[in-house]
């Protein structure tokens, strides 16, 4: 046999052995279960995947696994503190050295290899908070604290008895699998421990599990923008302005309440001349939550009037926006000018009325006739008398011209007054005193014309003298005027 034939023979012998080794089926591995347990307690465990009724106890072998694929088979001796019975693994008196990885291997002639893994961590008694089975945190009025499944399953399988503790103090009268706390308050917060007392080989063991209860106040999510209200805000160019964005997020929702400003569609970034401050306030006792963002513009520029500012409120379920733009405030100079003009007009009108009251009254009399003067029985509007003695010729002529021409042309022709002028309207032969008294009684006013030598001043006065009705001039108005003609 030559060398080539020998090599072929060796290859044919080795190849089937290698093939059979490499094609040996691998074990299926389950997910890892981890338990944090207290030293000195007992622990009963069946992997959840082993509850299948098709798996028999004879197919299961328990191992404690070490590093580098090293493992130790667990004893089936029930007097051992760590042993197994079929699917179940027992720890009767847990010690820190019991911590480690354990696996239940299922093997059989017609069964694919399977590994069911569990990790055990044993803590000292003083570290009880380390092995809590989670926390119960909600705002329910009545709270349910279920016993951890490993403990409740142990009591169910081994027919044990349940008891409850709060902060490691016994609660009397509670032996149910779920502990109900009605009308829960902050005082009910704490660590609740469910303990199962069970018997194995005529010995009593305890298994416990704890959960933390956290009471949360009622939470209401309702997102609403409080400010800004208007879509536009007046601003003065060159001055500072603060833009306020306030959002009401609901009740007791401080963790889920946020506000910010967006500029031209983008979240605000700190830049020179612009700054943003934020704060969230929880009102007491309502616990209403309000978040506020204040955007400060140190000096408003023309660009800011073209910028879109958007107030953004972020809650637990949604985000809401409100847009705000700056509008240039109108100058107050036109308003001031208008007010000054009105004031000057009023002053001018007052002066005009003060010095030209009579002229104005005469000017407007044709347009506003006085109808009330005709309600009495008097015939004349005024009785006119004047000084006729001790005058020089020039004064007498001037007075006559005024009495006969000027005065009637204005008061009678233009204003519509009826005048009785002494000396012009007398009836010849009539008694002078009776005439004067009768005409004066028929007149509403007495008008006395004074010549320059008898009086001074140019004003006309209205008086209502308190004379008796039987007086010659009582019961009507009278005027005194100085002739300037």
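In mature numbering (1 follows the signal peptide of the UniProt record, and there is no 0), the protein residues as written are -20 to -1, 1 to 465.
The beta-carbon is built from N, C-alpha and C at its ideal position, and this holds for glycine as well.
Spatial neighbours of residue 143 within its chain, please: C-beta separation below 6 Å, excluding the five flanking residues on both sides. For the purposes of this step, residue 143 is taken as residue 163 along the chain shown, with counting starting at 1. The residues are 175.
Buried or exposed for residue 239, going by 16 or more other Cβ atoms inside 10 Å? For the purposes of this step, residue 239 is identified with residue 259 of the chain shown, where counting begins at 1. Answer is buried; the Cβ neighbour count reaches 16.
Once DSSP output is grouped into helix, strand and coil, what is the label at residue 280? In the chain shown, counting from the first residue as 1, residue 280 sits at position 300. Correct three-state label for residue 280: coil.
Whole-angstrom distance between residue 71 and residue 23, CA atom to CA atom: In the chain shown, residue 23 corresponds to position 43, counting from 1. In the chain shown, residue 71 corresponds to position 91, counting from 1. In a straight line, the C-alpha of residue 23 is about 5 Å away from that of residue 71.
Please report the distance separating the alpha-carbon of residue 413 from that of residue 366. Mapped onto the chain shown, residue 413 falls at position 433. Mapped onto the chain shown, residue 366 falls at position 386. In a straight line, the C-alpha of residue 413 is about 16 Å away from that of residue 366.
DSSP three-state call for residue 221: helix, strand or coil? Along the chain shown, read from residue 1 onward, the residue named residue 221 stands at position 241. The answer is strand: DSSP assigns residue 221 an E or B state.
Under DSSP, the beta strand (DSSP E) around residue 302 begins and ends at which residues? Mapped onto the chain shown, residue 302 falls at position 322. Taken as a continuous stretch (DSSP letters only), the beta strand (DSSP E) holding residue 302 covers 299 to 308.
Starting from residue 291, trace the beta strand (DSSP E) in both directions and tell me its first and last residue. Within the chain shown, numbered from 1, the residue matching residue 291 stands at position 311. Run containing residue 291: 288 to 294, per the beta strand (DSSP E) assignment.
Beta strand (DSSP E) segments (min. 3 residues) lying fully within the segment 145 to 172: 149 to 151, 158 to 161
Residue from 63, 99, 148, 253 whose Cα sits closest to the Cα of residue 105: Here residue 105 refers to the residue found at position 125 of the chain shown. Nearest C-alpha to residue 105: 148.
What's the call for residue 292, buried or exposed, on a 16-neighbour Cβ count within 10 Å? If you number the chain shown from 1, residue 292 lands on position 312. Looking at its Cβ environment, which holds 16 or more other Cβ atoms inside 10 Å, residue 292 is buried.
Looking at the structure shown, is residue -13 part of a helix, part of a strand, or coil, going by DSSP? Along the chain shown, read from residue 1 onward, the residue named residue -13 stands at position 8. Confidence is the limiting factor: at residue -13 the pLDDT is only 42, short of 50, which leaves the residue's position unreliable and the question unanswerable from this model.
Counting only the same chain and skipping the five closest in sequence on each side, list residues whose C-beta sits under 8 Å from that of residue 463. Sequence index remark: in the chain shown, residue 463 carries index 483 (1-based). Here residue 463 scores only 47 on pLDDT, less than 50, and its place in the model is too uncertain to base an answer on.
With H, G and I counted as helix, E and B as strand and the rest as coil, what does DSSP make of residue 359? As a first step, residue 359 must be located in the chain shown, where it is residue number 379. Three-state DSSP puts residue 359 in coil, outside helix and strand.
Close Cβ partners of residue 276 (< 6 Å) along its chain, the five nearest in sequence each way excluded: As a first step, residue 276 must be located in the chain shown, where it is residue number 296. Once the five neighbours on either side are set aside, the close Cβ partners of residue 276 are 222, 255.
Starting from the C-beta of residue 3, find all residues in its chain whose C-beta is less than 7 Å away, skip the five residues before and the five after it, and write them out in chain order. Numbered from 1 along the chain shown, position 23 holds the residue referred to as residue 3. Low confidence applies here, because residue 3 scores a pLDDT of 39, under 50, leaving its location unreliable; read the following figure in that light. If we look at residue 3 and ignore the five residues flanking it on each side, it has no Cβ neighbours.
Can you have a look at residue 11 and say buried or exposed, based on whether 16 or more other CB atoms are within 10 angstroms of its CB? Your numbering for residue 11 matches position 31 in the chain shown. It counts as exposed.
Under a three-way DSSP split, which group does residue 439 fall into? Taking the chain shown and counting its residues from 1, the one referred to as residue 439 is at position 459. Model confidence at residue 439 stands at a pLDDT of 40, short of 50, so the residue's coordinates are unreliable; what they give is reported in the following sentence. Note: residue 439 maps to coil in three-state DSSP.
Need the endpoints of the beta strand (DSSP E) that residue 481 sits in, please. Nothing can be reported for residue 481, as the shown portion of the chain is limited to -20 through 465.
Do residue 141 and residue 173 have their beta-carbon atoms positioned less than 8 Å apart in this structure? Along the chain shown, read from residue 1 onward, the residue named residue 173 stands at position 193. Along the chain shown, read from residue 1 onward, the residue named residue 141 stands at position 161. Their beta carbons are not under 8 Å apart, which means residue 173 does not touch residue 141 by this criterion.
Is the number of C-beta pairs between the segment 176 to 194 and the segment 226 to 235 that are closer than 8 Å three or more? no
Using only CA atoms, which one of 116, 157, 152, 122 lies nearest to residue 134? As a working mapping, residue 134 is identified with position 154 in the chain shown. For residue 134, the nearest C-alpha among the options comes from 157.
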